[in-house]
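Quick note: the sequence shown uses the numbering used here, first residue 10, plus one each step.
Just so you know, even glycine gets a beta-carbon here, dropped at the ideal spot from N, CA and C.
Owing to the predicted nature of the structure, the values given are computational and were not obtained by experimental measurement.
A short worksheet on the structure shown next.
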Amino acid sequence: MKTLTASNSSRRKFLTDSAALMGGLVIGFYLPLKSGRAYAAEEHAKPVFPPNAFIYIASDDSITITVNKSEMGQGVYTSLPMLIAEELEADWSRIKVESAPVAAVYNHTAFGMQMTGGSSSIPSSWEQLRRVGATARILLIRAAAQQWGVPESECHAENSHVIHTGSGKKINYGTLTDAAAKLPLPDPVELKLPKDFKIIGKPMKRLDTPFKINGTAQFGLDVYLPDMLTALISRSPVFGGKVKRFDAAEARKIKGVQGVYQVPTGVAVAASDFWIAKTARDLLEIEWDEGPGAAISTAKMRTEYAELAKQPGSVARKEGDTAQGFKEAHKVIMAEYEIPYLAHAAMEPLNVVVDLKPDHCSIWTGTQMQTMDRAMAAMTVGLKPEQVEIHTTYLGGGFGRRANPRSDFVIEAVQVAKVIGKPVKIVWTREDDTRGGNYRPMWADHIEAAIGKDGKPLAWKHTLVGQSIIEGTPFAGFLIKNGIDVTSVEGAATLPYLIPNLQIELHSPKNEVPVQWWRSVGHSHTAFIVETMIDELAHLAGEDPVAYRLSVLPAASRYRGVLQLAAEKAGWGKKKLPANHAYGAAVHQSFESYVAEIAEVSLENGKIKVHRVTAAVDCGMVVNPDGVQQQIEGAIVYGLSAALHGAITLEKGRVVQSNFHDYAPLRFSEMPQVEVHIVASTEHPSGIGEPGTPPIAPAVANAVFKLTGKRLRRMPFDKESLA
Numbered sequence: 010m011k012t013l014t015a016s017n018s019s020r021r022k023f024l025t026d027s028a029a030l031m032g033g034l035v036i037g038f039y040l041p042l043k044s045g046r047a048y049a050a051e052e053h054a055k056p057v058f059p060p061n062a063f064i065y066i067a068s069d070d071s072i073t074i075t076v077n078k079s080e081m082g083q084g085v086y087t088s089l090p091m092l093i094a095e096e097l098e099a100d101w102s103r104i105k106v107e108s109a110p111v112a113a114v115y116n117h118t119a120f121g122m123q124m125t126g127g128s129s130s131i132p133s134s135w136e137q138l139r140r141v142g143a144t145a146r147i148l149l150i151r152a153a154a155q156q157w158g159v160p161e162s163e164c165h166a167e168n169s170h171v172i173h174t175g176s177g178k179k180i181n182y183g184t185l186t187d188a189a190a191k192l193p194l195p196d197p198v199e200l201k202l203p204k205d206f207k208i209i210g211k212p213m214k215r216l217d218t219p220f221k222i223n224g225t226a227q228f229g230l231d232v233y234l235p236d237m238l239t240a241l242i243s244r245s246p247v248f249g250g251k252v253k254r255f256d257a258a259e260a261r262k263i264k265g266v267q268g269v270y271q272v273p274t275g276v277a278v279a280a281s282d283f284w285i286a287k288t289a290r291d292l293l294e295i296e297w298d299e300g301p302g303a304a305i306s307t308a309k310m311r312t313e314y315a316e317l318a319k320q321p322g323s324v325a326r327k328e329g330d331t332a333q334g335f336k337e338a339h340k341v342i343m344a345e346y347e348i349p350y351l352a353h354a355a356m357e358p359l360n361v362v363v364d365l366k367p368d369h370c371s372i373w374t375g376t377q378m379q380t381m382d383r384a385m386a387a388m389t390v391g392l393k394p395e396q397v398e399i400h401t402t403y404l405g406g407g408f409g410r411r412a413n414p415r416s417d418f419v420i421e422a423v424q425v426a427k428v429i430g431k432p433v434k435i436v437w438t439r440e441d442d443t444r445g446g447n448y449r450p451m452w453a454d455h456i457e458a459a460i461g462k463d464g465k466p467l468a469w470k471h472t473l474v475g476q477s478i479i480e481g482t483p484f485a486g487f488l489i490k491n492g493i494d495v496t497s498v499e500g501a502a503t504l505p506y507l508i509p510n511l512q513i514e515l516h517s518p519k520n521e522v523p524v525q526w527w528r529s530v531g532h533s534h535t536a537f538i539v540e541t542m543i544d545e546l547a548h549l550a551g552e553d554p555v556a557y558r559l560s561v562l563p564a565a566s567r568y569r570g571v572l573q574l575a576a577e578k579a580g581w582g583k584k585k586l587p588a589n590h591a592y593g594a595a596v597h598q599s600f601e602s603y604v605a606e607i608a609e610v611s612l613e614n615g616k617i618k619v620h621r622v623t624a625a626v627d628c629g630m631v632v633n634p635d636g637v638q639q640q641i642e643g644a645i646v647y648g649l650s651a652a653l654h655g656a657i658t659l660e661k662g663r664v665v666q667s668n669f670h671d672y673a674p675l676r677f678s679e680m681p682q683v684e685v686h687i688v689a690s691t692e693h694p695s696g697i698g699e700p701g702t703p704p705i706a707p708a709v710a711n712a713v714f715k716l717t718g719k720r721l722r723r724m725p726f727d728k729e730s731l732a
């Protein structure tokens, strides 16, 4: 039997074409799944049922699992193989992983395209990949039973072997693959009950960790091709600007420079290596037609947004009569919030390698949106999608930036390759990445809330102002309804509290600054506003913030479980804190997962110090508890970075920030102790990559109020005077 390795090009072509079975058992299929906002595109999905290569079992009993999601640190190269290995009854020590090529069989089970995002990898693959594993197990058992001439019912699978119960005969999977591959697919396939799980739900070490430690994991920046050039692009300092003229005389004098080219996004310098290209790019003299974007400034937007937030907007949710509610109110509070643009700031800046031939284009990059990128690259260079091959490398962080619905960084790369005519690596510097746009939108929110004489919420009116990340993308048809971008108001229009008179309104102003989803999308700002305002109502009512939330949450709500667990584990109301320390609480649901966080905070020389965060999460059935813990910890770091420091600001259309010295992530000295507690659940698995981010900012802000009596309504907090 022929053994094919992960890098074997003929195997990759076979996988892409789904042409024929050869040399091993290869099995899998498409299974639609319906579950919440993240899967609103289900009606666009097209079922396909060709044989495909989720599983490859070689003669040496190694099992290669092809993962159709991008690994950007969230652990899908471990958790998704766990789903297959569980039902396959595989020897976990023999599992290997490779990234999927672009093919319809690897499409997201709801979105109908190959992509990674929306914290949907486990929820969308939960049943599909388990069925893949179960199907392979049944075929292997059937092949062994036929070989032995015994009933299938007398055989079972265990640790990558089929065993005949009566005689004790045992045969390894690698011996059975040829015979199993010739059998028809079984239907239906019965899946294990959770009580029988051996792998799912157990803490498992990451399969990708050894390769990241020993340096063999290939990120986009690690890709090198023969005769490859490196190109850097000088882009307009103002969004929407165009090149009027340029002088490259000095740049061309640098030894190693191979060429200077005008491209749609600016001027590209191609050289034999990165530093030569960068040195030459810095010598370019370019006159820009800056366009209307030059008039943009954060100060001006702040004023315009604040005024717009006071005006009636498009109604996203309306219950009861808010005007009457405010008339009947016992106490009323009004607040204005300001939330800045945020960059994704992934550890690995954007980069793409392109090898463009007349009839074929090969692309290596860390992408979250393979199908879209392939289609856009093909259109840009005049090829058919099937003539474009995308190799998905490891991603040094993504947070949504590498799932660009316009494929901006991929289109730009193939445009450069087209004019250069050689294999080329396009590299964004940290400054390029920070100033390159596609930010989490800036927001200005106006909110009024009231309580009745019983202290309970009586009226709530919340107006949001911020750019739509969906308008103008292929997702607009199903994520913008009646003028409302649902990602703009998620977390605000979906707040869970029992409020009889409620109105949520939205304004979606436009400008030249490109915006995009950012870790936890709309929840990244709405949770801050909702959870600090509900804290204010608790204070108005003279009640404990946790007890108040519990009193105004529906009785059967899953919010209650995580809030109670986090409060219990933190010692809320029971633990004596050090002097000048205080607790703050927040609870939020995003991507169908529920997270509560209790932050222990102090002030040191007028600056916020977060000492400890106790988190509780209900994400349904858990595949890898270690992965859940890691994701909550990482999400808290990401959320704290934004809460304490993060802001992209503009002056005369130019982004002020450029690198980590002025767009600072959380430092080691600022890192709190984090405890993560998981609620046991039998619910369908839900997202975990993003839900830990939204609650941290309000939890910290609520603790600061406890310490100082001052409400924080503007991020980042380090801009506030708390001395």
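Give me the Cα-Cα distance between Ala644 and Thr702, rounded to the nearest whole angstrom. Sequence index remark: in the sequence shown, residue 644 carries index 635 (1-based). Sequence index remark: in the sequence shown, residue 702 carries index 693 (1-based). Taking the straight line from one Cα to the other gives about 5 Å.
Residues near Arg215 by beta carbon distance below 7 Å, same chain, minus five either side: The residue given as residue 215 occupies position 206 in the sequence shown. Gly84, Thr87, listed in sequence order.
Separation of Leu138 from Met630, as counted between CA atoms: Counting from one through the sequence shown, the residue named residue 630 turns up at place 621. Counting from one through the sequence shown, the residue named residue 138 turns up at place 129. Spanning the two alpha carbons is a distance of roughly 15 Å.
Can you tell me whether Ser44 is buried or exposed? The criterion is at least 16 other CB atoms within 10 Å of its CB, across all chains shown. Reading the sequence shown from its first residue, position 35 is the one you call residue 44. Model confidence at Ser44 stands at a pLDDT of 32, short of 50, so the residue's coordinates are unreliable; what they give is reported in the following sentence. It counts as buried.
Measuring straight from C-alpha to C-alpha, what distance separates His660 and His369? The residue given as residue 660 occupies position 651 in the sequence shown. The residue given as residue 369 occupies position 360 in the sequence shown. Per the sequence shown, the amino acid found at residue 660 is Glu instead of His. Those two C-alpha atoms are separated by around 43 Å.
Examine the Cβ distances between the segment 427 to 445 and the segment 352 to 365 and report whether three or more of them are shorter than 8 Å. yes
Using DSSP's beta-bridge definition, name the partner residues of Ile131. Within the sequence shown, the letter at position 122 stands for residue 131. Beta bridge pairing from DSSP links Ile131 with no other residue.
Ala712 to Leu194 span [Cα, whole Å]: Position 703 of the sequence shown, counting from 1, holds the residue named residue 712. Position 185 of the sequence shown, counting from 1, holds the residue named residue 194. Here the C-alpha atom of Ala712 lies approximately 58 Å from the C-alpha atom of Leu194.
For Asp256 and Ala279, what's the separation of their Cα atoms in angstroms? One-based indexing of the sequence shown puts residue 256 at position 247. One-based indexing of the sequence shown puts residue 279 at position 270. Going from the Cα of Asp256 to the Cα of Ala279 covers about 15 Å.
Tell me, please, whether the segment 159 to 170 touches the segment 122 to 131 by the rule of three or more beta-carbon pairs shorter than 8 Å. no
Sub-8 Å separation of Ser128 and Pro700 beta-carbons: Along the sequence shown, read from residue 1 onward, the residue named residue 128 stands at position 119. Along the sequence shown, read from residue 1 onward, the residue named residue 700 stands at position 691. Yes, the Cβ-Cβ distance between Ser128 and Pro700 is below 8 Å.
Quick one: Cα of Gln573 to Cα of Thr218, how far? Within the sequence shown, the letter at position 564 stands for residue 573. Within the sequence shown, the letter at position 209 stands for residue 218. For Gln573 and Thr218, the distance between alpha carbons rounds to 34 Å.
Between the Cα of Trp527 and those of Leu351, Gly275, Ala502, Thr717, spot the shortest distance and give me the residue it belongs to. The sequence position of residue 527 within the sequence shown is 518, counting from 1. Nearest option by C-alpha distance: Leu351.
Go ahead and label Phe726 buried or exposed: buried means 16 or more other beta carbons lie within 10 angstroms of its beta carbon, across all protein chains shown. Walking along the sequence shown from the start, residue 726 turns up at place 717. If you draw a 10 Å sphere on the C-beta of Phe726, you find 16 or more other C-beta atoms in it, and that means buried.
Could you please give me the residues that DSSP links to Cys750 through a beta bridge? Because the chain is modelled from 10 through 732, residue 750 falls outside the range shown and cannot be assessed.
Residue from Gly275, Met388, Val524 with nearest C-alpha to Gly446: Counting from one through the sequence shown, the residue named residue 446 turns up at place 437. Answer by Cα proximity: Val524.
What would DSSP say about Trp581, mapped onto helix, strand or coil? Indexing the sequence shown from 1 puts residue 581 at position 572. Reduced to three states, the DSSP call for Trp581 is coil.
For Gly593, the first and last residue of its enclosing beta strand (DSSP E): Taking the first residue of the sequence shown as 1, we reach residue 593 at position 584. Counting along the chain, the beta strand (DSSP E) containing Gly593 begins and ends at 590 to 599.
What residue range is occupied by the uninterrupted beta strand (DSSP E) comprising Asn181? Looking up residue 181 in the sequence shown gives position 172. Segment 179 to 181, the beta strand (DSSP E) holding Asn181.
In three-state terms, what does DSSP make of Lys427? For this step, residue 427 is matched to residue 418 along the sequence shown. Of the three classes helix, strand and coil, the one that applies to Lys427 here is helix, per DSSP.
Along the chain, where does the beta strand (DSSP E) that runs through Asn360 open and close? Counted from its first residue, the sequence shown places residue 360 at position 351. Element bounds for Asn360: 360 to 366.
To which residues does DSSP link Pro466 through a beta bridge? Sequence index remark: in the sequence shown, residue 466 carries index 457 (1-based). Ile460, per the DSSP bridge assignment.
His532 bridges to which residues according to DSSP? As a first step, residue 532 must be located in the sequence shown, where it is residue number 523. Beta-bridge pairing links His532 to no other residue.
What would DSSP say about His548, mapped onto helix, strand or coil? Against the sequence shown, residue 548 aligns to sequence position 539. Helix at His548.
I need the straight-line Cα distance from Met451 to Lys204, nearest angstrom please. For the purposes of this step, residue 451 is identified with residue 442 of the sequence shown, where counting begins at 1. For the purposes of this step, residue 204 is identified with residue 195 of the sequence shown, where counting begins at 1. The alpha-carbon atoms of Met451 and Lys204 are separated by roughly 47 Å.
Could you tell me whether the segment 687 to 700 touches the segment 611 to 629, where touching means 3 or more Cβ pairs closer than 8 Å? yes
Give the single residue among Arg311, Thr73, Gly500, Ala226 whose Cα lies nearest to the Cα of Asp100. Reading the sequence shown from its first residue, position 91 is the one you call residue 100. Checked all of Arg311, Thr73, Gly500, Ala226; the closest Cα to Asp100 is Thr73.
Helix or strand or just coil, what does DSSP make of Leu473? Along the sequence shown, one-based indexing puts residue 473 at 464. Leu473 falls in the strand class under three-state DSSP.
Bridge partner(s) assigned by DSSP for Lys434: As a first step, residue 434 must be located in the sequence shown, where it is residue number 425. Answer by DSSP bridge pairing, in chain order: Thr239, Val362.
Classify Thr307 as buried or exposed, calling it buried when 16 or more other Cβ atoms lie within 10 Å of its own Cβ. Looking up residue 307 in the sequence shown gives position 298. Thr307 is buried by the Cβ-count criterion.
Across the segment 708 to 722 and the segment 583 to 596, are there enough close Cβ pairs to call them in contact, namely three or more that are closer than 8 Å? Contact between the segment 708 to 722 and the segment 583 to 596 is present, because at least three Cβ pairs lie under 8 Å.
Which class does Glu313 belong to by DSSP, given the choice of helix, strand or coil? Start at 1 with the first residue of the sequence shown, and residue 313 comes out as number 304. Three-state result, Glu313: helix.
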